Each structure stands twice: as C-alpha cells, then as structure tokens.
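**Q** Chains as they are written, first to last, in the numbering used here: chain S, 1 to 169; chain F, 170 to 575; chain C, 576 to 775. Think of the CB as a built atom: it goes at the ideal place given N, C-alpha and C, for glycine as much as any other residue. Values in this document were obtained by computation on a predicted structure and should not be read as measured data. Before anything else, here's the structure in question.
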Amino acid sequence: MTESAESDWKQVLEKALPSANLRWSEFRNQHRVDVPASAIVAVLTALRDAGMDQLCDLTAVDLLEYPGATDRFEVVYLLLNTTSGQRLTVRTHLNEPDLKIPSAVPIWFGADWLEREVYDMYGIVFEGHPNFKRLLLPEAFESFPMRKDYPVKGRGERHNFPIITRAES
Amino acid sequence: MPLELIDSPGADSNQREGLWTLNFGPQHPATHTTLRLVLQLDGEMVVDAEPDIGFLHSGFEKLAEVLDYNQYVTIVDRMNYISPMANEIAWHHAVEGLLGIELTPRCKYIRTIFAELMRIHDHLLCTGTCVLDLGGATAFMYAFNEREKIYEICERASGQRFHTGYTRVGGLLYDVTDDWVQMVREFCKTFPKAYRDFAGLVMKNRIFVERTRGVGVLSKADAIAGGATGPVARASGVERDLRRDEPYLAYDDLDFDVCCAEGGDCYARFQVRMMEMLESLKIIEQALDRLPSGPVFISGTGKEGLPDKREVYRSIEGLIHHFENIMPNRQMPSPKESYYGATESPNGELGYYIVSDGDFRAYRARTRPPSLLHFSLFSRMIRGCMLSDVAAVLGSINIIAAELDR
Amino acid sequence: MATQINKQLGDNIFLTTLDAAASWARANSLWPMPFATACCGIELMSTAASRHDLSRFGSEVMRFTPRQCDLMIVAGRVVMKMIPVLQRIWMQMPEPKWCISMGACACSGGVFDTYAVVQGIDRFIPVDVYVPGCPPRPEQLIRAIMDLQDKIKKTGTYNAREFQLRILPDGPKRFDEDELMRIRERNGLKLDDHKYDPIH
Numbered sequence: 001m002t003e004s005a006e007s008d009w010k011q012v013l014e015k016a017l018p019s020a021n022l023r024w025s026e027f028r029n030q031h032r033v034d035v036p037a038s039a040i041v042a043v044l045t046a047l048r049d050a051g052m053d054q055l056c057d058l059t060a061v062d063l064l065e066y067p068g069a070t071d072r073f074e075v076v077y078l079l080l081n082t083t084s085g086q087r088l089t090v091r092t093h094l095n096e097p098d099l100k101i102p103s104a105v106p107i108w109f110g111a112d113w114l115e116r117e118v119y120d121m122y123g124i125v126f127e128g129h130p131n132f133k134r135l136l137l138p139e140a141f142e143s144f145p146m147r148k149d150y151p152v153k154g155r156g157e158r159h160n161f162p163i164i165t166r167a168e169s
Numbered sequence: 170m171p172l173e174l175i176d177s178p179g180a181d182s183n184q185r186e187g188l189w190t191l192n193f194g195p196q197h198p199a200t201h202t203t204l205r206l207v208l209q210l211d212g213e214m215v216v217d218a219e220p221d222i223g224f225l226h227s228g229f230e231k232l233a234e235v236l237d238y239n240q241y242v243t244i245v246d247r248m249n250y251i252s253p254m255a256n257e258i259a260w261h262h263a264v265e266g267l268l269g270i271e272l273t274p275r276c277k278y279i280r281t282i283f284a285e286l287m288r289i290h291d292h293l294l295c296t297g298t299c300v301l302d303l304g305g306a307t308a309f310m311y312a313f314n315e316r317e318k319i320y321e322i323c324e325r326a327s328g329q330r331f332h333t334g335y336t337r338v339g340g341l342l343y344d345v346t347d348d349w350v351q352m353v354r355e356f357c358k359t360f361p362k363a364y365r366d367f368a369g370l371v372m373k374n375r376i377f378v379e380r381t382r383g384v385g386v387l388s389k390a391d392a393i394a395g396g397a398t399g400p401v402a403r404a405s406g407v408e409r410d411l412r413r414d415e416p417y418l419a420y421d422d423l424d425f426d427v428c429c430a431e432g433g434d435c436y437a438r439f440q441v442r443m444m445e446m447l448e449s450l451k452i453i454e455q456a457l458d459r460l461p462s463g464p465v466f467i468s469g470t471g472k473e474g475l476p477d478k479r480e481v482y483r484s485i486e487g488l489i490h491h492f493e494n495i496m497p498n499r500q501m502p503s504p505k506e507s508y509y510g511a512t513e514s515p516n517g518e519l520g521y522y523i524v525s526d527g528d529f530r531a532y533r534a535r536t537r538p539p540s541l542l543h544f545s546l547f548s549r550m551i552r553g554c555m556l557s558d559v560a561a562v563l564g565s566i567n568i569i570a571a572e573l574d575r
Numbered sequence: 576m577a578t579q580i581n582k583q584l585g586d587n588i589f590l591t592t593l594d595a596a597a598s599w600a601r602a603n604s605l606w607p608m609p610f611a612t613a614c615c616g617i618e619l620m621s622t623a624a625s626r627h628d629l630s631r632f633g634s635e636v637m638r639f640t641p642r643q644c645d646l647m648i649v650a651g652r653v654v655m656k657m658i659p660v661l662q663r664i665w666m667q668m669p670e671p672k673w674c675i676s677m678g679a680c681a682c683s684g685g686v687f688d689t690y691a692v693v694q695g696i697d698r699f700i701p702v703d704v705y706v707p708g709c710p711p712r713p714e715q716l717i718r719a720i721m722d723l724q725d726k727i728k729k730t731g732t733y734n735a736r737e738f739q740l741r742i743l744p745d746g747p748k749r750f751d752e753d754e755l756m757r758i759r760e761r762n763g764l765k766l767d768d769h770k771y772d773p774i775h
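Have a look at this one:
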C-alpha cells in the first residue's frame, strides 16, 4: 500500500470517529491500526463503506507469553480492497474476564466461520453472531487449545475413547 | 413450496413440515476427504445445508508455535496435500517477508516453476475426481497419468515424490540439475496432448456439462463479501490474481493472463481451472527459458539461510555454519513484528499471518485457508439445487479437509 | 469308472482342503473400504489409478459402504472427532475383516503429536498390517496388500485359527513364546526353524 493510501484510510477513520484513540504503525509497507474494542464495529463499518469490501482473514493472538505485552488477546482483522488491492490490518485488544467483542458478520458475512474458529481456539465470544458455536472441535471439548497455557499435546483428550477389540468387532 | 418462502425468516414454521433431513458424510466418496453436511431437503431439492467440519483438525497452528521456520515446512506440506509444494512456497514467502530476505534469481525461478507445476497438479486432481464423482472414471485415470509425471519431477528435485519439504528460509534444499530441467521440458512437450485428451473427456462430456452448468451459482457480490479467492472468485467475475496484483517470486518478469469466467456456476469454475492449466504451462516454459544460473541460497554467512550441503560435509567452516544456524539457541533472530504474506495458491489466496516475538520460531502463525472461506459459502451455493448437485458443487470448490480444518 | 473320469478330466482336477480353497478365494477378492482422511488418501488414489493399477492384485473394487467390504484401509491421520466415526464404520463391516493402517499418522500419529490427533489407530481398533511412510509410496501399499493376502491365505476358515486369536483382549498381541515352542515341538520342528510360524 502506498503512502497516500494510508493517509486515505486515516482520513476515513478520523472522519468517522473523530474522538477514537487510534494508533497507526507500519512494518514493511503493511499498515496497521490499533483500535479500542468498543469502537471496532464503527471502524470496520467505516472502512467497509470506504472500499474495504473483503474481510481477508480474521484471527486472534494470545499474548500471554509475548514479551512486553500488556493485553491478553489480540483480535486481528485483515482487510482487503479487491479493486485496488490495498490492504489494512485492524487490531484490537481484549482482556479477561471480558472476552466479548461485537460480531463482524453484519458487515461481511464471510466473517461467520472465521469468528467461530476464533471462539473455538481462544474462547473469544462474538456477540450478535447468528449461529455461534464451536466450529472445528467437538462440542464436548472444554478447553481452548490455541491459548498459550494449553499444552501442545493436550490434556489427554485424545486418549479418551473406548477400545474395540478383535472379539467385539 | 416456493423457495423464497422457505428462505425468508418470517416463513411460518408449519410450512417447513414437508422437509426432511439427510446426513452427508463424514465418510462419503464425494467429500474426497472428511467433512459432513446436514442437508434439509424438500423432496430432492436442497433447501438448506449446514456443514459440520473439524474431522481433520490436527492442530497445525499449535505446532507452528513449537517448530522453527524451517521445521514447520514439513507440516505445511500436509495442509493442502494435493499441491504440497504450493504450501511450502506460501509459508516461506511469508517468513521471508517477515525477515526481509530477498531471494536469489535462480531460487525465484525454480520456485515459480514449482508453484505452477503444483497448480497443474491441483487442478488435474480437482477436475479429475469431480468427474469421477459425477460418473466418469476415465478422465480421472488420464489426470493421474500426468500427475505421476509431476510426482517424478518433484522426486528428482527433492528426493520425495509427495511431501517434498523442498523450500528453506532463503532458498531451497538442493539446487536442481540439468536433467531436471530436461524433465520439465519433456513434461511441457507432452502435456498439451494429454491436456487435449483430458479436456475432451471433461469439458466436451455432455453429462458433465449438463450436471455443472447453472449449478451452484455464486454471485460476484457474494464472492467478494464472503472472502472467496482464486478460481472460485475468478469464475464469479472477480478479476483478481495475486500473481499479477501483488507480484512475488518471478511473476513480474513473466507474461501470463488472468483467467476469468462469468456465471459463477460449477462449469465456470472448471473452465477457469482448465484455462489456468494452460497459462501455468506457458509460465513454466518462459521460466525455463529464462532460468538464471547462480546460487539458490542467499549469500550465506549470515544467520538466514543454510550453507550448501557439500560445504557442510567437506569443510569445517561449513559445518560450523550449519551448526550455528541449526542449533535451537543460536538460530536467526526475527523482528518483533507481525507480517502477513500471501501467495496465489491453486485454491486461492493462501496467506500466513506471522506474529514474531524476536525468536527463531513464530509466536503465532495463522494460516489463511482458502478452503475454509470457500466452504463457508457452500450453503449459499447449494440452496435451490438438487441433491445430486451436492457432489458437483463440492468438487468444484475443491475442499481440502486438511486445509479446511488444519 | 474312476479311471474314465480321470481320462476325461485329466489335469483339471485339483485336490485341496476346503480351508485352502476358501482362503485363496478370500485373499484374491478383497473389497477395500478406503477410509481416506488425508494425504495418504491421495496416494491411495494413485495406487488405484492408471500407473500403479491396484486391480492387478485383485483388490480394486473400492466400495464406500462398509457393509460390502472386508478390508479397511485407514489412510491418513485420525483425529478426536473422527475416531468415533472410524469405530462405527469398523463395527459395520461384516466378519471376516481386516485393517491396513496406511501411513505414519494412522500407525502412530506421525508428525502430529498434538492435542487433537489420535496417536495410532491401533489404540482403538485392531490393525493387521502397518505401512510406514509419510505418505507411503503406492508400491508400499501394494506390498502391504500382498502381505495381507498372504496372511489371509494362511488363516483358514474351518479351524479359523486367526479368529481364535482374535479373542485376545486387545489389539495385535505378542505371541506367547512358550506356546510357540510347544507348537514347534509338537510338529517335530526344531526350535530355530522359522518355516512354521503359527501366527500366520
């Protein structure tokens, strides 16, 4: 994304949310904006109306072990303008116990499964999602495996099945 | 009962009484891999479909947090397993973007050739198996004949025919030899004839055409808002191809067209895939003609990249360099940043969002899987179609369960 | 009379046991049920496709309904959500049935030592032949099927030695060495003679 493009989005957001506390940063020509969780819907809607027509990806990061981090979770929205090819990363932070954020499904319906996956992996609740439940793991699974305090090898869930022997089969 | 009535949220609940539920999968030949659909049917018409996925969720992203940038390539291989090397290229494209590595020209060209071979590989299997599901076994056999040739090319370059694990941060495992180049040239020579046979069996097969035309329509607006990319989006008229729009590797120097179709139905998706195979062949031929000589690894005394294997085995300096770059506490540092790098994989935009905490391994490596977004659009595509169209639509969006569930 | 029949039929008569004939027929008409979940499934397709052509070995009739099959090929990793499905399909297959565990993931979990992946399907269902490799080459799968055919031919139906062994509580068990010795003595074989192996 070019320099002028960044200022475009800056203008868009400043116009839509004059009072919001936005922090802009850049790394290797990728522009990012950190917004407070309360303003996320307004920011995303303003960006969508300004031309960000595709939600490229939605994910989260658990910052538990990240050096110098002050927040627990980071929710990341990767936006894309399919005509000009401009990209923008929107990030917001959440902390326990209030792991709730408004859903982006009314803005882009492609957020549907992405939000369910984030819930599945991190336990972040997206309020207003039309069909909110686990996506990948079984309903009976209790933990959120992508959290940093969950071990890679699990807590024994993978061994917890009946054994069928030759005699029974 | 008219469809609009069922779809509208205000429809009276007792009007839904005639519907019946059908479970499709998780073990069903047309799913190719493992996914489950709960279909609501009105007679033979699909009123709604609720996909249930996760039957192959194996914790790829959790593994990314314990393996380093080079090791994780063995895992990404197993993600979209019908075009393994496309994943490797995407992963290391993102990693090299994070580390700020500029590849050598030869490495760029070899990766480009492999990326395009993988596109042919993927489209052959996707089309072949879909025709198989729709009742024609012959095209599948023709497709596999060509796929075996590509397997051999992979095997010659990397030593493994399937999960090659061929790319490394800043280069490739081995340089390719001249007879590998000959092999690819030979493939380019024989492929057009095989393609003609295959295309005749697919696109001129009346049963296939009639079972795919007008089925599973995805509108352009839905494709954009739903996050569709790659052949699925291009078949709906979204003219977007990362190879052209965000050129990476050697695509900037090469001449090719972006294949698009109108209509957004299953037939259009197969049209795009069939056209793309020829474009890929064009790219491979150009890349072979321009294949530069020189090293495949970035000039190597730094922490990035690995020394040449011959040096490792024959000189003490090479061995020390290897040791320095392989031992866990001595590996390359990475910037404490986050980076999103995406490539145009055969299935669509395959990206990795890497968050690094300065370590030699990713703090978080998120895959942006094209299959997941495509499959979330499935229930939109299938509404109003017949039960037998489910196989056609599933085949046309090319769902790969390992990429879908990770 | 007998000589007349002999004259008429000549070499067209074979004398064998019912056991051997039935086992021979079973071994060469395997109907595999491809339980293909991941990468190995593509190699399984390769095996059945044009170059490697599994039908040369009498087991190409892939059926996707377990009730028609007698060989389950588990190709690919099996995860938490899939294992109940796998077990259910295994139970639906009629006896006699065999299972090939194809690939490192099905045998042991392979590179996926994570919270979701079952570390070897033999923890939960019985397995007859293991195929290593990630994924195994088609040749390896063909070899595994030939090994399985060999095993089936030696199984027998009348005494059903194989199925007697299947009463053992779990999975493939190590054979009791003393029992092995006793059987060998009974059959007049030396202790180090490996020609007769009762497990087959």
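#1: With a threshold of 7 Å on Cβ separation, who are the neighbours of Gly651(C) within its own chain once the five nearest residues in sequence on each side are excluded?
#2: Looking only at DSSP bridge pairs, what is Asp34(S) linked to?
#3: Which of the residues in the stretch 700 to 718 of chain C, read from start to end, lie with their CB under 9 Å from any CB of chain S?
#4: Compute the Euclidean distance between the alpha carbons of Ala123(F) and Tyr508(F), then round it to the nearest angstrom.
#5: What does Lys451(F) reach in chain S if we use C-beta pairs closer than 8 Å?
#6: By DSSP's criteria, Tyr77(S) is part of a beta bridge. Which residues make up the other side?
#7: For the alpha helix (DSSP H) containing Asp348(F), list its first residue and its last residue.
#8: Using the Cα positions of Leu743(C) and Ile163(S), report the straight-line distance between them to the nearest angstrom.
#9: As a quick exercise: from Met52(S), Glu139(S), Asp98(S), Thr82(S), pick the residue whose alpha carbon is nearest that of Leu411(F).
#10: With 7 Å as the limit, tell me which residues of the stretch 101 to 128 of chain S have their beta carbon closer than that to any beta carbon of chain C; keep them in chain order.
#11: Go ahead and pull the three-state DSSP assignment for Ile164(S).
#12: Where do the ends of the beta strand (DSSP E) carrying Val215(F) lie?
#13: Around the Cβ of Met496(F), are there at least 16 other Cβ atoms within 10 angstroms (buried) or fewer (exposed)?
#14: Go through the stretch 225 to 273 of chain F residue by residue and report every complete run of the beta strand (DSSP E) that reaches 3 residues or more, in order.
#15: State buried or exposed for Leu593(C), treating a residue as buried only when at least 16 other CB atoms are found within 10 Å of its CB.
#16: Asp791(C) by DSSP, collapsed to three states: which one?
#17: Return the first residue and the last residue of the alpha helix (DSSP H) that Thr622(C) is part of.
#18: So the alpha helix (DSSP H) Met446(F) belongs to, where does it begin and stop?
#19: What residues in the stretch 15 to 32 of chain S have a beta carbon less than 8 Å from any beta carbon of chain F?
#20: Can you list, in chain order, the residues of its chain whose CB lies under 6 Å from that of Glu3(S), leaving out five sequence neighbours each side?
#21: Less than 8 Å between CB atoms is the rule here; does Ile696(C) satisfy it with respect to chain F?
#22: At the level of alpha carbons, what is the spacing between Phe425(F) and Asp237(F)?
#23: Rounded to a whole number of angstroms, what is the C-alpha to C-alpha distance between Pro515(F) and Val75(S)?
#24: Relative to the ligand COA, is the shortest distance from any of its heavy atoms to the C-beta of Gly520(F) smaller than 7 Å?
#25: Given 8 Å as the limit, is there contact between the stretch 225 to 232 of chain F and the stretch 554 to 573 of chain F, that is, 3 or more CB pairs closer than that?
#26: Looking only at C-alpha atoms, which of Arg205(F), Pro198(F), Gln209(F), Thr203(F) sits nearest to Trp189(F)?
#27: When you compare each of Gly154(S), Arg87(S), Val105(S) to Gln30(S) by their alpha carbons, which one comes out closest?
#28: Could you name the residues of the stretch 663 to 680 of chain C whose beta carbon sits closer than 7 Å to any beta carbon of chain S, in the order they occur along the chain?
#29: Between the alpha carbons of Pro464(F) and Arg479(F), how many angstroms are there, rounded?
#30: DSSP state of Arg652(C), grouped into three classes?
#31: Asn249(F): buried (16+ other C-beta within 10 angstroms of its C-beta) or exposed?
#32: What residue range is occupied by the uninterrupted alpha helix (DSSP H) comprising Glu117(S)?
#33: In angstroms with no decimal places, state the Cα-to-Cα distance between Asp422(F) and Cys429(F).
#34: Considering only residues of the same chain and omitting the five flanking positions on each side of Ala111(S), which have a CB-CB separation below 6 Å?
#35: Are the beta-carbon atoms of Leu17(S) and Ala42(S) separated by less than 8 Å?
#36: Which of the residues in the stretch 223 to 239 of chain F, read from start to end, lie with their CB under 7 Å from any CB of chain C?
**A** Taking the coordinates as given:
#1: For the purposes of this step, residue 651(C) is taken as the residue at position 76 of the third sequence. Around Gly651(C): Ala611, Thr612, Ala613, Cys614, Cys615, Gly616, Gly678, Cys680, Ala681.
#2: Here the question's residue 34(S) lines up with position 34 in the first sequence. Answer is Arg23(S), Arg91(S), bridged to Asp34(S).
#3: Result list: Ile700, Pro701.
#4: Here chain F comprises residues numbered 170 to 575, so residue 123(F) is not present and cannot be evaluated.
#5: Taking the second sequence and counting its residues from 1, the one referred to as residue 451(F) is at position 282. Result: empty, since nearest Cβ-Cβ is about 23 Å, beyond 8 Å.
#6: For the purposes of this step, residue 77(S) is taken as the residue at position 77 of the first sequence. The partner list for Tyr77(S) (beta bridge, DSSP) reads Leu58(S), Val90(S).
#7: Residue numbering aside, residue 348(F) sits at position 179 when the second sequence is read from its first letter. 347 to 372 is the span of the alpha helix (DSSP H), which, as asked, contains Asp348(F).
#8: Along the third sequence, one-based indexing puts residue 743(C) at 168. Along the first sequence, one-based indexing puts residue 163(S) at 163. Note that Leu743(C) has pLDDT 45, beneath the 50 cutoff, so the model's placement of it is unreliable and the number below is only indicative. In a straight line, the C-alpha of Leu743(C) is about 13 Å away from that of Ile163(S).
#9: Working through the second sequence from its first residue, we reach residue 411(F) at position 242. Nearest of Met52(S), Glu139(S), Asp98(S), Thr82(S) to Leu411(F), Cα basis: Thr82(S).
#10: none
#11: Residue mapping note: residue 164(S) aligns to position 164 of the first sequence, counting from 1. Three-state result, Ile164(S): coil.
#12: Position 46 of the second sequence, counted from the start, is the residue given in the question as residue 215(F). Element bounds for Val215(F): 214 to 221.
#13: Here residue 496(F) is taken as the residue at index 327 of the second sequence, counted from 1. Exposed, because fewer than 16 other Cβ atoms sit within 10 Å of the Cβ of Met496(F).
#14: none
#15: Taking the third sequence and counting its residues from 1, the one referred to as residue 593(C) is at position 18. Leu593(C) comes out exposed.
#16: This structure cannot speak to residue 791(C), because chain C is shown only from 576 to 775.
#17: The residue you call residue 622(C) lines up with position 47 of the third sequence. First-last of the alpha helix (DSSP H) with Thr622(C): 614 to 623.
#18: Walking along the second sequence from the start, residue 446(F) turns up at place 277. That run of the alpha helix (DSSP H) goes 435 to 459.
#19: Residues Phe27, Arg28, Gln30, Arg32.
#20: Locating residue 3(S) in the first sequence gives position 3, counting from the first residue. The predicted model places Glu3(S) with a pLDDT of 46, which falls under 50 and marks its position as unreliable; any figure quoted below should be read in that light. Nothing listed; no residue qualifies.
#21: As a working mapping, residue 696(C) is identified with position 121 in the third sequence. False, the Cβ-Cβ gap to chain F never drops below 8 Å.
#22: Position 256 of the second sequence, counted from the first residue, corresponds to residue 425(F). Position 68 of the second sequence, counted from the first residue, corresponds to residue 237(F). The alpha-carbon atoms of Phe425(F) and Asp237(F) are separated by roughly 35 Å.
#23: Locating residue 515(F) in the second sequence gives position 346, counting from the first residue. Locating residue 75(S) in the first sequence gives position 75, counting from the first residue. Taking the straight line joining both Cα atoms gives about 28 Å.
#24: Among the ligands in the structure shown, none appear at all, so the ligand COA cannot be discussed.
#25: yes
#26: Taking the second sequence and counting its residues from 1, one reaches residue 189(F) at position 20. Cα-wise, what sits closest to Trp189(F) is Gln209(F).
#27: Your numbering for residue 30(S) matches position 30 in the first sequence. It is Arg87(S) whose Cα lies nearest to the Cα of Gln30(S).
#28: If the cut-off is 7 Å between Cβ atoms, the stretch 663 to 680 of chain C has Trp665, Met666 near chain S.
#29: One-based indexing of the second sequence puts residue 464(F) at position 295. One-based indexing of the second sequence puts residue 479(F) at position 310. Between the alpha carbons of Pro464(F) and Arg479(F) lies a distance of about 13 Å.
#30: Locating residue 652(C) in the third sequence gives position 77, counting from the first residue. Three-state result, Arg652(C): coil.
#31: As a first step, residue 249(F) is located in the second sequence; it is residue number 80 there, counting from the start. Buried.
#32: Counted from its first residue, the first sequence places residue 117(S) at position 117. Taken as a continuous stretch (DSSP letters only), the alpha helix (DSSP H) holding Glu117(S) covers 111 to 122.
#33: The residue you call residue 422(F) lines up with position 253 of the second sequence. The residue you call residue 429(F) lines up with position 260 of the second sequence. Distance between the alpha carbons of Asp422(F) and Cys429(F): 21 Å.
#34: Locating residue 111(S) in the first sequence gives position 111, where the first residue counts as 1. Leu55, Leu58, Ala104, Val105.
#35: Mapped onto the first sequence, residue 17(S) falls at position 17. Mapped onto the first sequence, residue 42(S) falls at position 42. Taking 8 Å as the Cβ cut-off, Leu17(S) and Ala42(S) qualify as a contacting pair.
#36: Within the stretch 223 to 239 of chain F, the residues whose Cβ lies closer than 7 Å to some Cβ of chain C are Gly223, Phe224, Leu225, His226, Ser227, Gly228, Lys231, Leu232, listed in chain order.
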